[in-house]
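This note's numbering applies: residue -2 is where the sequence shown begins, and numbers increase by one.
Where is the CB? At the ideal position from N, CA and C, for every residue including glycine.
Structure first, commentary second.
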Amino acid sequence: MSVGPAGLVGREGELAELAAFLDMAGTNGAALLLTGDPGVGKTALLDATAELAVAKGVRVVCGSGVEYETDISFAGLHQLVGSLADELGRLPRSTREALEVALGVAAGPVGSRIAVLNAALALFDEAAKDRPLLLVVDDLHAVDEASQAAVGFVARRLGGRRIGLLGAQRDESDESFRPTGLPELEIAPLDDADALRLLSRRFAHLPRRVLSAVAHEAQGNPLALLEFAGSTEASGENQHGLGAGWASGPGRDVRALYGARVGRLPRRTREVLLLAALEGSGDIGILEAAGGPGSLEQLAPAERDHLVMVAENGRAVRFRHPLVRSAVVDGSTGDQRRSAHSRLADALGDQPERRGDHLARATTAPVETVAVVVESAAWSSLQRGDADGAIARLRRAAELSPDREVRRRRLSKAAYVAAWVAGHLEVSHEIMREVEGDPAARSLSAAAAAGFLVLVTEGDADTAHALLMEAVGQASVMPEPPQELETALFTLTLASQYSGRPEHWQPLVDVLDRFPKASPAAAASLGCVHHDLGSVTDVMLRRLDEEISRLRDQSDADVVVRTALTASYHDRLPGCREAVSRVIRDGGAVGSSMPALMFVALDNLYAGRWQPAADAADELIALSEETGYHLFAQVGHYVAAMTAAQRGDLDACRRHCEAVWAWSRPRGLQRLENCAHQAAARAALGAADFETAFRHATAICAPGVLPPFNPEAVWSAPDLVEAAVRTGRHAEARRHADALRDAGVGHLSSRLALSSAMVTAMTSTAEDMVRCFEEALGLPGVEQWPFEVGHARLAYGEALRRQGLNRDARVQLASARDRFEELGARSWEARAAAELRATGMTRTGRGKAGEALTPQELEVARLAATGLSNPQIASRLFLSPRTVSSHLYHVFPKLGITSRAELREALEALPPAPSATQP
-2 MSVGPAGLVG
8 REGELAELAA
18 FLDMAGTNGA
28 ALLLTGDPGV
38 GKTALLDATA
48 ELAVAKGVRV
58 VCGSGVEYET
68 DISFAGLHQL
78 VGSLADELGR
88 LPRSTREALE
98 VALGVAAGPV
108 GSRIAVLNAA
118 LALFDEAAKD
128 RPLLLVVDDL
138 HAVDEASQAA
148 VGFVARRLGG
158 RRIGLLGAQR
168 DESDESFRPT
178 GLPELEIAPL
188 DDADALRLLS
198 RRFAHLPRRV
208 LSAVAHEAQG
218 NPLALLEFAG
228 STEASGENQH
238 GLGAGWASGP
248 GRDVRALYGA
258 RVGRLPRRTR
268 EVLLLAALEG
278 SGDIGILEAA
288 GGPGSLEQLA
298 PAERDHLVMV
308 AENGRAVRFR
318 HPLVRSAVVD
328 GSTGDQRRSA
338 HSRLADALGD
348 QPERRGDHLA
358 RATTAPVETV
368 AVVVESAAWS
378 SLQRGDADGA
388 IARLRRAAEL
398 SPDREVRRRR
408 LSKAAYVAAW
418 VAGHLEVSHE
428 IMREVEGDPA
438 ARSLSAAAAA
448 GFLVLVTEGD
458 ADTAHALLME
468 AVGQASVMPE
478 PPQELETALF
488 TLTLASQYSG
498 RPEHWQPLVD
508 VLDRFPKASP
518 AAAASLGCVH
528 HDLGSVTDVM
538 LRRLDEEISR
548 LRDQSDADVV
558 VRTALTASYH
568 DRLPGCREAV
578 SRVIRDGGAV
588 GSSMPALMFV
598 ALDNLYAGRW
608 QPAADAADEL
618 IALSEETGYH
628 LFAQVGHYVA
638 AMTAAQRGDL
648 DACRRHCEAV
658 WAWSRPRGLQ
668 RLENCAHQAA
678 ARAALGAADF
688 ETAFRHATAI
698 CAPGVLPPFN
708 PEAVWSAPDL
718 VEAAVRTGRH
728 AEARRHADAL
738 RDAGVGHLSS
748 RLALSSAMVT
758 AMTSTAEDMV
768 RCFEEALGLP
778 GVEQWPFEVG
788 HARLAYGEAL
798 RRQGLNRDAR
808 VQLASARDRF
818 EELGARSWEA
828 RAAAELRATG
838 MTRTGRGKAG
848 EALTPQELEV
858 ARLAATGLSN
868 PQIASRLFLS
878 PRTVSSHLYH
888 VFPKLGITSR
898 AELREALEAL
908 PPAPSATQP
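Shown next as structure tokens:
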């Protein structure tokens, strides 16, 4: 029961652990979180550790959670960074700017969340260059979520650094606090002996019976012990030795005791304390500007009463304990708080978000001028990557809007940001229920938010289209800002795009004709592209390339996603990859991260990076289903199906296609149905099942027709033409090749140029075939599309072999086989290998050719050779049709064939099975 080295009673064990923590932090980095009840002594232990650190030559930087700033992203981090201005100036420009923009102290493009966190870690590294650094964060439970993430990020990366991170958190913190994963040290109440010892040291003049009663009532809570005893001393003893009313009155609440002390201060002192409590950072300059000349001198009584202290650098005022701040606010009236917020707003003219927050809290009745400021602060938050802050400020701006229509518009904007950017569907639905409960006329913003919600969650393109057509149809007579009209048009385009039905896209075309194609990312431009790819001019392509080049500095996730969407139709996703990856990494844009994942998956698919494509598709499916964005999950299934089709995994491809059809068909989403048919056709081609491939390809469009609003018809054209050629439908093949060539899409990208040239070659005369294929493969830039080049070489080699040009065929077929092998396209590699064997070329040690059939495979193959269908074989062998299909999938490459028609001859050529040895 001795006094610890910092003068703390009963904390010898905790102080020893904290001293060991400091030693570890000063050499190899360490993090520790103190937990316990309010008043148990966490703040005192933080202060004691900070004093010990200073004595050891460690630099100490302190911060604290402020419950009035929890809706301001990085407010907590701002406190830590504010003490390191010199070190911030020494960081590389890009790193410094990422941090400054995130904290709202500079303008510029918003860095990703990971860039901001890395910048914070770099700043602390810089501060620890000359001597160890200790970061102290009190009331971590009251720190904003972004700063909590930063604390956790830094804490998990302290190994090998001379940095310590010491935090404190109440055990009673609410469920919104996210676990940090830091090592914890629980601070327990003092035992009875230590409690009496603490009281005896501070209040030796009080009778022991009083001290014993206080110790019993305070239950070992040090703050309660000292404040209760102090309250007893200040109020005087009654006949029982206790202050009148203490045992059953407000004295039992430590906060109330602090409130009593604050209440005894001069009025002007309380006013300045209230400014400090509501401002949060304790910045002397802001407090003086808000309080007026001489206001800082009014803090002296509070300093003498040990309620506040001025930081060593003289730049900030700190409350001695977080409960003091709470007591100051609790002891003020509503009018006093509003007055303080108003003065703080005036003092924060150069910080739009904080000014808007204080102005909003200073206002009770709707005032449009205030609502405008708060809305402006919301857009500033969004540009800074703080989607949650933007939503909160838009909702507050709506509350402050006198005009009901303007109120609905601001609420609708909040709902749209919640759904499209933040990924908070429940919040968006909640806001829209409030909007729809207002009898005022529907606005464009409301239609856009409601249409987007019903489209991405339920796949209801009919309702979305009807809502938006009605709203957009009135746009010419409604005083709507261009941004809202653009948002509504974009959502209408999405609904028409996923529907793919003429009754949706034809009215869209008529509407979009009324609006200029302002930029490649504009809804009018996207609609034009989706309606007719070939109509895109070289001028539009140059503008798109310029837009893509500017994405590096683009901070608006919405602009990034829309630009990438347009780019995806023109094979320009590689230029968008960095920007869309930044959207994915930024945890503040969950809604936008799903479309961004689509583009990363598609880029990987086209580039032949199939495992990353599959991983991104799986992530997209999981995230979409988890968050309720079921529409986006179907795109994930499409990418997964295409990846499986090109790998030759027929079962996986079928599984993903069936998932898309099951969800899309009842909802009439023909575009998604076509996507699944495209994957199914590609899988069938790889397995040399040309009849099935033709059936799926013609489900997308009829031969010779490339319908508007059907991009899959363009992308699947080579598959349809090849399937038609291989099934003897030469007239249909030529018509479709002519249609693709006439569409004029070859100038859009080297991939589409290769597709157009390839179908021309496949349907050319024997005399022109070689020239056409050579021209196709000689097109500039085609090597960036590895699968398409392999496909073209396979078709070239097959055409050469059919003309008896086996030597030339082997060159193309060997190249195709090797390309497919590198990609992991198993069925396509088997096709090329079988064609090579048909030219008389053999190759040992590669592929499955020559492997022996299993007994089950042999039995299935013999029945298939007789002409039985898969269901008939399945019935005879008591198997499922899927199992029969799987067996044949393995049989064909083993026998070196590509179709069922070749089965009989291949089986007859097999060597006789060795006779069994009799025992």
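Counted within 10 angstroms of its Cβ, other Cβ atoms place residue i as buried (16 or more) or exposed
{"i": "ASP686", "result": "buried"}
{"i": "THR484", "result": "buried"}
{"i": "ALA72", "result": "buried"}
{"i": "ASN601", "result": "buried"}
{"i": "GLY10", "result": "exposed"}
{"i": "SER493", "result": "buried"}
{"i": "LEU15", "result": "buried"}
{"i": "GLN216", "result": "exposed"}
{"i": "PRO263", "result": "exposed"}
{"i": "ALA152", "result": "buried"}
{"i": "LEU907", "result": "exposed"}
{"i": "ASP350", "result": "Residue identity check: residue 350 is Glu in the sequence provided, not Asp. When all chains shown are included, GLU350 counts as buried."}
{"i": "GLY844", "result": "In this prediction, GLY844 has a pLDDT of 36, which is less than 50 and means its spatial position is unreliable; what the coordinates show is noted afterwards. Counting Cβ neighbours within 10 Å, GLY844 comes out buried, since at least 16 surround it."}
{"i": "HIS527", "result": "buried"}
{"i": "ALA125", "result": "buried"}
{"i": "GLN809", "result": "buried"}
{"i": "HIS501", "result": "buried"}
{"i": "GLU94", "result": "buried"}
{"i": "SER398", "result": "buried"}
{"i": "ASP354", "result": "buried"}
{"i": "SER546", "result": "exposed"}
Bridge partners - residue i, DSSP secondary structure assignment
{"i": "ALA27", "result": "GLY161"}
{"i": "SER144", "result": "Its beta-bridge partners do not exist; DSSP assigns none."}
{"i": "GLU181", "result": "LEU30"}
{"i": "ASP280", "result": "ALA313"}
{"i": "ASP135", "result": "SER61"}
{"i": "MET306", "result": "ARG315"}
{"i": "ARG167", "result": "GLY33"}
{"i": "ARG56", "result": "LEU130"}
Cβ shell of residue i (< 8 Å), same chain only, five flanking positions each side left out
{"i": "GLY695", "result": "The amino acid occupying residue 695 in the given sequence is Thr; Gly does not appear at that position. Once the five neighbours on either side are set aside, the close Cβ partners of THR695 are LEU717."}
{"i": "ASP135", "result": "LYS39, THR40, LEU43, CYS59, GLY60, SER61, GLY62, GLY164, ALA165, PRO319"}
{"i": "ARG334", "result": "LEU271, LEU275, VAL326, ARG358"}
Contact set for residue i: own chain, Cβ-Cβ below 7 Å, skip 5 residues either direction
{"i": "HIS426", "result": "LEU450"}
CB contact check: residue i to chain B, cutoff 9 Å
{"i": "ALA796", "result": "Within the model displayed, chain B is absent; a lone protein chain is all it includes."}
Close beta carbons around residue i, own chain, < 6 Å, minus the five adjacent residues each side
{"i": "ILE428", "result": "LEU408, ALA411, ALA412"}
{"i": "ARG664", "result": "GLY456"}
{"i": "LEU509", "result": "ALA521, GLY524"}
{"i": "VAL453", "result": "TYR626, LEU628"}
{"i": "ALA286", "result": "ALA344"}
{"i": "ALA443", "result": "ARG405, SER409, VAL432"}
Any alpha helix (DSSP H) of 4 or more consecutive residues that is wholly inside the region 375 to 411
384 to 396
contact_flag[the region 28 to 46, the region 159 to 169] where n(CB pairs < 8 Å) is 3 or more:
yes
Counting pairs of beta carbons, one from the region 89 to 102 and one from the region 9 to 27, are three or more of them closer than 8 Å?
no
Please confirm if the region 652 to 662 is in contact with the region 791 to 803, defined as three or more CB-CB distances below 8 Å between the two stretches.
no
Inter-stretch contact (C-beta, 8 Å, three-pair minimum) for the region 412 to 422 and the region 382 to 392
yes
Evaluate contact between the region 609 to 622 and the region 634 to 648, counting only Cβ atoms and requiring at least three cross-stretch pairs below 8 Å.
yes
Would the region 620 to 635 and the region 800 to 814 be scored as touching if the rule is three or more Cβ pairs under 8 Å?
no
Validate contact between the region 89 to 98 and the region 122 to 137 using beta carbons, cut 8 Å, 3 pairs:
No contact exists between the region 89 to 98 and the region 122 to 137.
Please determine if the region 76 to 85 and the region 351 to 363 are in contact, where contact requires at least 3 C-beta pairs separated by less than 8 Å.
no
Pick out the complete alpha helix (DSSP H) segments inside the region 516 to 595, 4 residues or longer, and give them in chain order.
Qualifying alpha helix (DSSP H) stretches, in chain order: 520 to 528, 535 to 546, 554 to 565, 574 to 582.
What are the complete beta strand (DSSP E) segments, minimum 3 residues, inside the region 588 to 643?
none
Every unbroken alpha helix (DSSP H) within the region 450 to 497, with a cutoff of 4 residues, ordered by chain
Here the runs fully enclosed are 458 to 470, 479 to 496.
Which whole runs of the alpha helix (DSSP H) in the region 739 to 822 are 4 residues long or more, in chain order?
747 to 759, 763 to 774, 783 to 799, 803 to 820
Within the chosen definition, does the region 764 to 778 reach the region 729 to 739 through at least 3 CB pairs nearer than 8 Å?
Too few Cβ pairs lie closer than 8 Å, so no.
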